[in-house]
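Residue numbers (the numbering used here): 663 to 961.
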């Protein structure tokens with residue numbers, strides 16, 4: 663009888679695993695199907711963007727160049743819009759499939775990306791809608807942790823404090839700047855080409871507003887101190903403060919939910935995050951510039 667019971671339990675487990683595998687396969691197929699139109703549109707816009715960039719590199723007429731630059735901005739906006747539309751469709755699908763680990767995996771990928779940056783409340787709502795089994799799975803617990811760091815680093819939240827040594831071995835505490843200055847934290851690295859391309863722009867902002875209560879703290883992900891310090895000198899950015907995650911053995915990037923660089927965070931005099939930018943784009947630059955202008959040049 664005992665052997666029969668074990669056999670029965672084994673058959674039940676195998677059957678459940680087979681059903682789950684079938685369910686996962688069906689959900690994966692549905693996910694692939696609703697993603698396809700967004701993928702096709704992205705590839706189409708990307709092709710136009712590459713063609714436009716080639717024209718920018720060869721055009722000599724200033725009027726035509728300006729037209730192409732504006733077209734490039736418009737294409738980038740279309741890519742962003744397509745990604746956000748796709749994300750909203752993913753939210754809808756995940757709500758309709760609360761018992762699927764594949765649904766969780768799908769939105770888990772998005773949670774740290776640019777397009778998901780302003781959707782903390784929706785991510786949280788969708789996550790809480792999952793079944794207890796999904797939320798308590800290993801991937802569910804990972805998602806819960808991601809949402810924790812997302813929440814504490816989103817616009818409107820108090821900026822996580824830190825006390826770290828800078829490149830001159832001086833202690834920097836974020837709390838020391840409270841009620842004194844606006845802080846731009848710039849997560850970067852000497853090997854990050856987009857980060858380096860943004861430095862002239864950041865230097866201009868610093869030059870323009872440093873005497874009005876604007877400070878920059880660059881936090882590097884470099885694994886070699888020499889490369890980091892040489893990049894500071896080479897790019898002539900010694901004027902503001904620099905911190906190494908490696909030298910401080912710090913995980914402050916995790917506290918700020920940094921999943922890629924460049925990654926910028928603007929903190930007001932009250933210690934509240936008022937702006938956050940992931941990646942690099944003309945839109946990001948323009949947004950940061952306009953926000954600083956509204957702060958320091960308000961009539």
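Each residue gets a CB set at the ideal place from its N, CA and C atoms; glycine is no exception.
Nearest neighbour of residue i, chosen from the options [CA to CA]
i: residue 935; options: 727, 883 and 812; result: 812
i: residue 931; options: 956, 840, 917 and 921; result: 840
i: residue 790; options: 758, 946 and 824; result: 758
i: residue 687; options: 762, 856 and 786; result: 762
i: residue 958; options: 922, 907, 850 and 845; result: 845
i: residue 948; options: 739, 705 and 689; result: 739
i: residue 937; options: 880, 821 and 915; result: 821
i: residue 887; options: 872, 909 and 850; result: 909
i: residue 874; options: 723, 893 and 960; result: 960
i: residue 781; options: 817, 802 and 801; result: 817
i: residue 689; options: 756, 717, 721 and 714; result: 756
i: residue 866; options: 836, 885, 832 and 901; result: 901
i: residue 885; options: 747, 906 and 869; result: 906
i: residue 920; options: 718, 848, 748 and 701; result: 848
i: residue 803; options: 716, 778, 770 and 883; result: 770
i: residue 926; options: 893, 956 and 864; result: 864
i: residue 779; options: 956, 952 and 946; result: 946
i: residue 746; options: 701, 832 and 685; result: 701
i: residue 787; options: 837, 952 and 805; result: 805
i: residue 760; options: 717, 685 and 952; result: 685
Under 7 Å between C-beta atoms of residue i and residue j
i: residue 933; j: residue 776; result: no
i: residue 707; j: residue 737; result: yes
i: residue 889; j: residue 912; result: no
i: residue 891; j: residue 834; result: no
i: residue 773; j: residue 785; result: yes
i: residue 877; j: residue 843; result: yes
i: residue 815; j: residue 850; result: no
i: residue 954; j: residue 871; result: yes
i: residue 923; j: residue 854; result: yes
i: residue 744; j: residue 703; result: yes
i: residue 914; j: residue 824; result: yes
Beta bridge counterpart(s) of residue i as assigned by DSSP
i: residue 835; result: 825
i: residue 844; result: 876
i: residue 928; result: 846 and 937
i: residue 904; result: 880
i: residue 820; result: 934
Residue i CB to nearest heavy atom of the ligand FMN below 6 Å
i: residue 835; result: No copy of the ligand FMN occurs in the structure displayed, which carries no ligand at all.
Next item on the list: Report yes or no: do three or more beta-carbon pairs, one from the region 826-837 and one from the region 795-815, lie closer than 8 Å?
Entry: no
Note to self: Is it the case that the region 692-708 contacts the region 743-753, given that we only count it when at least three CB pairs across the two stretches are under 8 Å?
What the structure shows: yes
Check: Counting pairs of beta carbons, one from the region 897-913 and one from the region 802-821, are three or more of them closer than 8 Å?
Finding: no
Notebook entry, point to check: Below 8 Å, can you find three or more Cβ-Cβ pairs linking the region 760-772 to the region 719-733?
Noted result: no
Checklist line | Any 3 or more C-beta pairs closer than 8 Å across the region 857-875 and the region 941-950 | finding: yes
Item checked: Every unbroken alpha helix (DSSP H) within the region 759-803, with a cutoff of 4 residues, ordered by chain -> 763-772, 782-791 and 794-797
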